[in-house]
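Asks: Sequence order for the protein chains is B and G.
Take the first sequence: its position 335, counting from 1, is numbered 335 in the working numbering, and each next residue is one higher.
Take the second sequence: its position 29, counting from 1, is numbered 29 in the working numbering, and each next residue is one higher.
Heads up, the beta-carbon is just placed ideally off N, CA and C, and yes, glycines get one too.
Because the structure is a prediction, the values reported are computed rather than measured.
Once you've had a glance at the structure underneath, I'll fire off some questions.
2 protein chains.
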Amino acid sequence: VKLPQGYRFAATYAGIRKRPEPDLALMVSDVEATAAGLFTQNVVRAAPVILSAQHLVKSGGRCRGIIVNAGNANCATSSMAKAARASTQAVARLLGTSSSRILVASTGVIGEPLDERKITAALPSMVERLSPEHFPACARAIMTTDTIPKTAFGELATGQGAIRTAGMAKGAGMIHPRMATMLGFLFTDAAVPAPLLQRMLRSAAGRTFNRISVDSDTSTNDTLFLLANGRSGVSLGPKTLQAFDETLRQVAEELAIAIARDGEGARKLLTIEVEGAASDRSAEQLARAIANSPLVKTALAGADPNWGRFLSAAGASGVKFDPSKVDLCLNGHLICHRGLRAEFSEPEVQKTMLGDESKLLFQIRGKGAGKARFWTCDLTADYIRINADYRT
Amino acid sequence: VKLPQGYRFAATYAGIRKRPEPDLALMVSDVEATAAGLFTQNVVRAAPVILSAQHLVKSGGRCRGIIVNAGNANCATSSMAKAARASTQAVARLLGTSSSRILVASTGVIGEPLDERKITAALPSMVERLSPEHFPACARAIMTTDTIPKTAFGELATGQGAIRTAGMAKGAGMIHPRMATMLGFLFTDAAVPAPLLQRMLRSAAGRTFNRISVDSDTSTNDTLFLLANGRSGVSLGPKTLQAFDETLRQVAEELAIAIARDGEGARKLLTIEVEGAASDRSAEQLARAIANSPLVKTALAGADPNWGRFLSAAGASGVKFDPSKVDLCLNGHLICHRGLRAEFSEPEVQKTMLGDESKLLFQIRGKGAGKARFWTCDLTADYIRINADYRT
Numbered sequence: 001v002k003l004p005q006g007y008r009f010a011a012t013y014a015g016i017r018k019r020p021e022p023d024l025a026l027m028v029s030d031v032e033a034t035a036a037g038l039f040t041q042n043v044v045r046a047a048p049v050i051l052s053a054q055h056l057v058k059s060g061g062r063c064r065g066i067i068v069n070a071g072n073a074n075c076a077t078s079s080m081a082k083a084a085r086a087s088t089q090a091v092a093r094l095l096g097t098s099s100s101r102i103l104v105a106s107t108g109v110i111g112e113p114l115d116e117r118k119i120t121a122a123l124p125s126m127v128e129r130l131s132p133e134h135f136p137a138c139a140r141a142i143m144t145t146d147t148i149p150k151t152a153f154g155e156l157a158t159g160q161g162a163i164r165t166a167g168m169a170k171g172a173g174m175i176h177p178r179m180a181t182m183l184g185f186l187f188t189d190a191a192v193p194a195p196l197l198q199r200m201l202r203s204a205a206g207r208t209f210n211r212i213s214v215d216s217d218t219s220t221n222d223t224l225f226l227l228a229n230g231r232s233g234v235s236l237g238p239k240t241l242q243a244f245d246e247t248l249r250q251v252a253e254e255l256a257i258a259i260a261r262d263g264e265g266a267r268k269l270l271t272i273e274v275e276g277a278a279s280d281r282s283a284e285q286l287a288r289a290i291a292n293s294p295l296v297k298t299a300l301a302g303a304d305p306n307w308g309r310f311l312s313a314a315g316a317s318g319v320k321f322d323p324s325k326v327d328l329c330l331n332g333h334l335i336c337h338r339g340l341r342a343e344f345s346e347p348e349v350q351k352t353m354l355g356d357e358s359k360l361l362f363q364i365r366g367k368g369a370g371k372a373r374f375w376t377c378d379l380t381a382d383y384i385r386i387n388a389d390y391r392t
Numbered sequence: 001v002k003l004p005q006g007y008r009f010a011a012t013y014a015g016i017r018k019r020p021e022p023d024l025a026l027m028v029s030d031v032e033a034t035a036a037g038l039f040t041q042n043v044v045r046a047a048p049v050i051l052s053a054q055h056l057v058k059s060g061g062r063c064r065g066i067i068v069n070a071g072n073a074n075c076a077t078s079s080m081a082k083a084a085r086a087s088t089q090a091v092a093r094l095l096g097t098s099s100s101r102i103l104v105a106s107t108g109v110i111g112e113p114l115d116e117r118k119i120t121a122a123l124p125s126m127v128e129r130l131s132p133e134h135f136p137a138c139a140r141a142i143m144t145t146d147t148i149p150k151t152a153f154g155e156l157a158t159g160q161g162a163i164r165t166a167g168m169a170k171g172a173g174m175i176h177p178r179m180a181t182m183l184g185f186l187f188t189d190a191a192v193p194a195p196l197l198q199r200m201l202r203s204a205a206g207r208t209f210n211r212i213s214v215d216s217d218t219s220t221n222d223t224l225f226l227l228a229n230g231r232s233g234v235s236l237g238p239k240t241l242q243a244f245d246e247t248l249r250q251v252a253e254e255l256a257i258a259i260a261r262d263g264e265g266a267r268k269l270l271t272i273e274v275e276g277a278a279s280d281r282s283a284e285q286l287a288r289a290i291a292n293s294p295l296v297k298t299a300l301a302g303a304d305p306n307w308g309r310f311l312s313a314a315g316a317s318g319v320k321f322d323p324s325k326v327d328l329c330l331n332g333h334l335i336c337h338r339g340l341r342a343e344f345s346e347p348e349v350q351k352t353m354l355g356d357e358s359k360l361l362f363q364i365r366g367k368g369a370g371k372a373r374f375w376t377c378d379l380t381a382d383y384i385r386i387n388a389d390y391r392t
């Protein structure tokens, strides 16, 4: 796997979380990159979200580095703005740029003060150790209840040479992003003007990070950044633009699916495809309702092809449809035909649900062209254990 | 406890559910009562919901009896309409009335055919045994995963004599009613014209059954009926109308709270009060978002005063508010002051959360007069166990 050119990374344990594992990540572009960002729509927003949004405006979408900590959300404390500001200022000083060129993100517990001195003290040695090879270490340092780091890579050959894109994300709980995952960082060495980059990021996220749900909670810290530093020497033309858009979507989709699969306590991934809805928007609404239903998610945990729950969840989505026009297909087996139980072997379908991936096709017969894909995970007793004990 | 006059009840085991416990309930008014009904807003509707709604229209809001089965939702099968129709016809024949005077409700698994012969065969002996004293037996027969029967009673003294009201309900899972609980049956011996009765039922449900959530799933079978047979001899006048409205609300609230408290796997009840919102509607939206948050519900299970989760859930509700104007008070302890952590003893507040009832006050400082109460329960590993194994 080759990283995009001109990016370097460093991770360390700065003592922010109790468990002594890396909790601070620094991601730097050798040259100023164009940058795009998407943030939580929660009205309760963490300081890093507020500050990063300001920096993107102030810099006109330009960025040299991103500083990320795990273990503390830096949210809902009186010192949160100060901590976020001090972190970006310290990074800016060390990189020799202005602080508006530094973006910041945090994840962890809400309402506990973040001591920025832990971050500023760790930064000088991190800057010295910056290297492309620490990309995986950063993907690990941003984890909270994630069980595995999440990275994805894409490469696009063009007449002018290759464009590489790499991404990392963390998720696990409080995941029902409406604009971004909990935290996601995408890097490309393509050259893309900032406004176009923002549009591309929004479009990619709409079909990927915005289509996953673990527990329907929307975090105060959701952040997704995309940096484009142009170091590949390739500028996107009319021809390559669409191909790059597709690469971006693929990298984002891979990360989004990894988040859903690694949901807190999850053992199984469920891909939901809706077809035949009146519009893509209503298809998404149907898929989202199915993905959010605790009864669907527990049925998946129990390997129970309880199709009535899928149908009922869709029925309560707010989208009008005729149940007698609905077919449900689970792992290739027709389990519901025109709104009624289909002839199927329950043990056989149950067996397919024991695997770690299941796929539900929700098909409305008729002329509707609306479709959507959505990803969710099963709801297990481990989700309860993790969240009832989170701080203790 | 005295029941309203002129109602009789019977329950039996008709072999609809596997576990050999009463699963069929018959509720009869000696004389034709006025009747009001509220039904699920799910577009996937069970046959009893569709048929009862038709009967209320056809009869002009008049009813002699209600037949209810547990163990089978009579939903999403090709024979569901036939089964519901046959049940009401059999009851009507035995009571000597037309089938439009019979209402029907079902609860249980979706998508399995309901054999109406089990019901029609059990009915004759049930009609013979009709008696006021079987009211509690009916409350038991309509249970599915409920752990206790739910009944409530109210009595209102008027110049003309006493009006009595009694209700029963079942809930437990798939409870996020937007207009009624899963199943609820209210009886009064007041005399109330059908259109007024419908308005009163809608108003009472809006403040009670529509303000509870167990798992945010909306059932295909939600049904709430209110019968008024006039046998108290008391007609509601301008003075008593409001007092009766309050009695009705109290009975409905008691049942609604009992449903939330007995949510699947639940050990604790959480009462959420929102004050200071721009309107009652946005207060309800805030309360609903908090009540539905799995992270709030697991924090309650773990006795964790994790106020950031309450704030974040409200922030993602879609209601705009200024977090720095929010105070949170949990069991009488201020845990969040103006959007920030308040000074409080964590062990002390934790201790209050070990009890089986907790109360959260979400207060927005300012001039907003909007308020709402909402009830939910904790989310425990038992919820997963119950729903991952429901049919096996």
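Please report whether the beta-carbon of B:G355 lies at a distance below 7 Å from any beta-carbon of chain G.
Replies: Along the first sequence, read from residue 1 onward, the residue named residue 355 of chain B stands at position 355. Chain G contact via Cβ: absent.
Asks: Would you call the region 26-33 of chain G and the region 57-70 of chain G touching, i.e. three or more CB-CB distances under 8 Å?
Replies: Counting Cβ pairs under 8 Å, three or more are found: they touch.
Asks: Compare the C-beta of G:G71 against all C-beta atoms of chain B and say whether one is closer than 7 Å.
Replies: Within the second sequence, numbered from 1, the residue matching residue 71 of chain G stands at position 71. No - not a single Cβ of chain B is within 7 Å of the one on G:G71.
Asks: B:H55 lies in the beta strand (DSSP E); which residues open and close that run?
Replies: Your numbering for residue 55 of chain B matches position 55 in the first sequence. That residue, B:H55, is in no beta strand (DSSP E); its alpha helix (DSSP H) goes A47 to K58.
Asks: Counting C-beta neighbours from all protein chains within 10 Å, is the total for B:L354 16 or more, i.e. buried, or is it exposed?
Replies: Indexing the first sequence from 1 puts residue 354 of chain B at position 354. Exposed: under 16 other Cβ atoms inside 10 Å.
Asks: With burial defined as no fewer than 16 other Cβ atoms inside 10 Å of the residue's Cβ, what is the status of G:E264: buried or exposed?
Replies: Against the second sequence, residue 264 of chain G aligns to sequence position 264. Classification of G:E264: buried, given that the 10 Å Cβ count is 16 or more.
Asks: By how many angstroms is the C-alpha of G:K58 removed from the C-alpha of B:P323?
Replies: Against the first sequence, residue 323 of chain B aligns to sequence position 323. Against the second sequence, residue 58 of chain G aligns to sequence position 58. Computed Cα separation, rounded: 25 Å.
Asks: Along the chain, where does the beta strand (DSSP E) that runs through B:R165 open and close?
Replies: To locate residue 165 of chain B, count along the first sequence from 1; it is residue 165. Before going further, note that residue 165 of chain B is Thr rather than Arg in the sequence given. G161 to K170 is the extent of the beta strand (DSSP E) around B:T165.
Asks: According to a CB-to-CB cut-off of less than 7 Å, which residues of the region 320-340 of chain G neighbour chain B?
Replies: Residues K320, F321, P323, G339 and L340.
Asks: If you draw a straight line from the alpha carbon of G:T208 to that of B:A381, how long is it in whole angstroms?
Replies: Stepping through the second sequence from its first residue, residue 208 of chain G is reached at position 208. Stepping through the first sequence from its first residue, residue 381 of chain B is reached at position 381. Approximately 30 Å, taken between the alpha carbons.
Asks: The alpha helix (DSSP H) with B:T40 in it runs from where to where?
Replies: Numbered from its first residue, the first sequence carries residue 40 of chain B at position 40. Note, B:T40: premise wrong, no alpha helix (DSSP H); not H, not E.
Asks: Under three-state DSSP, which class holds B:T181?
Replies: Within the first sequence, the letter at position 181 stands for residue 181 of chain B. Caution is warranted here: a pLDDT of 44 is assigned to B:T181, below 50, making its placement in the model unreliable, and the coordinate value is therefore given only provisionally. If DSSP states are grouped into helix, strand and coil, B:T181 belongs with coil.
Asks: Taking 7 Å as the CB-CB cut-off, is G:I259 touching chain B?
Replies: Numbered from 1 along the second sequence, position 259 holds the residue referred to as residue 259 of chain G. Cβ-Cβ to chain B under 7 Å: no for G:I259.
Asks: Which residue spans inside the region 220-244 of chain G form an unbroken beta strand (DSSP E) run of at least 3?
Replies: Counting whole runs of 3 or more residues, the region 220-244 of chain G contains the beta strand (DSSP E) stretches 223-228.
Asks: Is there a Cβ from chain G that is less than 7 Å from the Cβ of B:L227?
Replies: Within the first sequence, the letter at position 227 stands for residue 227 of chain B. Not one chain G Cβ lies under 7 Å of B:L227.
Asks: Distance, Cα to Cα, G:G6 vs G:S131?
Replies: For the purposes of this step, residue 6 of chain G is identified with residue 6 of the second sequence, where counting begins at 1. For the purposes of this step, residue 131 of chain G is identified with residue 131 of the second sequence, where counting begins at 1. Near 10 Å, if we compare the C-alpha coordinates of G:S131 and G:G6.
Asks: Which one of B:L3, B:A121 and B:Q363 has the shortest CA to CA distance from B:S87?
Replies: Within the first sequence, numbered from 1, the residue matching residue 87 of chain B stands at position 87. Minimum Cα distance to B:S87 is reached at B:A121.
Asks: Count the other C-beta atoms from every protein chain shown that fall within 10 angstroms of the C-beta of G:K320, then say buried if there are 16 or more, exposed otherwise.
Replies: As a working mapping, residue 320 of chain G is identified with position 320 in the second sequence. Flag for G:K320 reads exposed.
Asks: So, using beta-carbon positions, are B:V31 and B:N229 closer together than 7 Å?
Replies: For the purposes of this step, residue 31 of chain B is taken as the residue at position 31 of the first sequence. For the purposes of this step, residue 229 of chain B is taken as the residue at position 229 of the first sequence. Yes, they are a contact pair.
Asks: Kindly indicate if chain B contains any beta-carbon less than 7 Å away from that of G:G370.
Replies: As a position in the second sequence, residue 370 of chain G is number 370, starting the count at 1. Not one chain B Cβ lies under 7 Å of G:G370.
Asks: With 9 Å as the limit, tell me which residues of the region 90-122 of chain B have their beta carbon closer than that to any beta carbon of chain G; keep them in chain order.
Replies: Cβ contacts with chain G come from V109, I110, G111, E112 and P113.
Asks: Tell me, please, whether the CB atom of B:G302 is closer than 7 Å to any CB atom in chain G?
Replies: Counting from one through the first sequence, the residue named residue 302 of chain B turns up at place 302. For B:G302, the answer is yes, since a Cβ of chain G falls inside 7 Å of its Cβ.
Asks: Starting from the beta carbon of B:V44, find every residue of chain G whose beta carbon is closer than 7 Å, and list them in chain order.
Replies: Residue numbering aside, residue 44 of chain B sits at position 44 when the first sequence is read from its first letter. Residues of chain G passing the Cβ test: L311, S312, G315 and P323.
Asks: From B:R199 to B:V1, what does the alpha carbon distance come to, in whole angstroms?
Replies: The residue you call residue 199 of chain B lines up with position 199 of the first sequence. The residue you call residue 1 of chain B lines up with position 1 of the first sequence. Taking the straight line from one Cα to the other gives about 27 Å.
Asks: Just checking: is the beta-carbon of G:T380 within a distance shorter than 7 Å of some beta-carbon in chain B?
Replies: Working through the second sequence from its first residue, we reach residue 380 of chain G at position 380. Chain B contact via Cβ: present.
Asks: When you compare only the Cα positions, how much space is there between B:R164 and B:D189?
Replies: As a working note, residue 164 of chain B is residue 164 in the first sequence. As a working note, residue 189 of chain B is residue 189 in the first sequence. If I take the Cα positions, the gap works out to 6 Å.
Asks: Leaving out the 5 sequence neighbours to the left and right, which residues in its chain are closer than 7 Å to B:P20 when beta-carbon positions are compared?
Replies: Taking the first residue of the first sequence as position 1, residue 20 of chain B is located at position 20. Hits under 7 Å: Y13.
Asks: Using the Cα positions of B:N72 and B:V109, report the straight-line distance between them to the nearest angstrom.
Replies: Here residue 72 of chain B is taken as the residue at index 72 of the first sequence, counted from 1. Here residue 109 of chain B is taken as the residue at index 109 of the first sequence, counted from 1. Distance between the alpha carbons of B:N72 and B:V109 is about 5 Å.
Asks: Is it buried or exposed for G:I148, if we count other Cβ within 10 angstroms and need 16 for buried?
Replies: For the purposes of this step, residue 148 of chain G is taken as residue 148 along the second sequence, with counting starting at 1. By the 10 Å Cβ count, G:I148 comes out exposed.
Asks: Along the chain, where does the beta strand (DSSP E) containing B:N292 start, and where does it finish?
Replies: Sequence index remark: in the first sequence, residue 292 of chain B carries index 292 (1-based). Per DSSP, B:N292 belongs to no beta strand (DSSP E); it is in the alpha helix (DSSP H), D280 to N292.
Asks: When DSSP labels each residue in this structure, what does B:D146 get in the three-state scheme?
Replies: Indexing the first sequence from 1 puts residue 146 of chain B at position 146. Looking at B:D146 - three-state DSSP - the assignment turns out to be coil, as it is neither helix nor strand.
Asks: Does B:N74 come within less than 7 Å of chain G when only Cβ atoms are used?
Replies: Walking along the first sequence from the start, residue 74 of chain B turns up at place 74. No, its Cβ sits nowhere closer than 7 Å to a Cβ of chain G.
Asks: Considering only C-alpha positions, which residue in the set G:L56, G:T40, G:R8 and G:A11 is nearest to G:P195?
Replies: Here residue 195 of chain G refers to the residue found at position 195 when the second sequence is read from its first residue. For the residues G:L56, G:T40, G:R8 and G:A11, the minimum Cα distance to G:P195 belongs to G:L56.
Asks: Check G:N69 in the structure and name its three-state DSSP category.
Replies: In the second sequence, residue 69 of chain G corresponds to position 69, counting from 1. In the structure shown, G:N69 sits in a strand (DSSP, three-state: E or B).
Asks: Only counting the same chain, and skipping five residues up and downstream in sequence, which positions put a Cβ closer than 8 Å to that of B:L197?
Replies: Counting from 1 along the first sequence, the entry for residue 197 of chain B is found at position 197. For B:L197, where only same-chain residues beyond five positions count, the Cβ hits under 8 Å are T34, A35, A36, G61, L226 and A228.
Asks: Relative to the C-alpha of G:G237, which residue among G:G161, G:N292 and G:G302 is closest?
Replies: Taking the second sequence and counting its residues from 1, the one referred to as residue 237 of chain G is at position 237. Among G:G161, G:N292 and G:G302, the Cα nearest to that of G:G237 belongs to G:G161.
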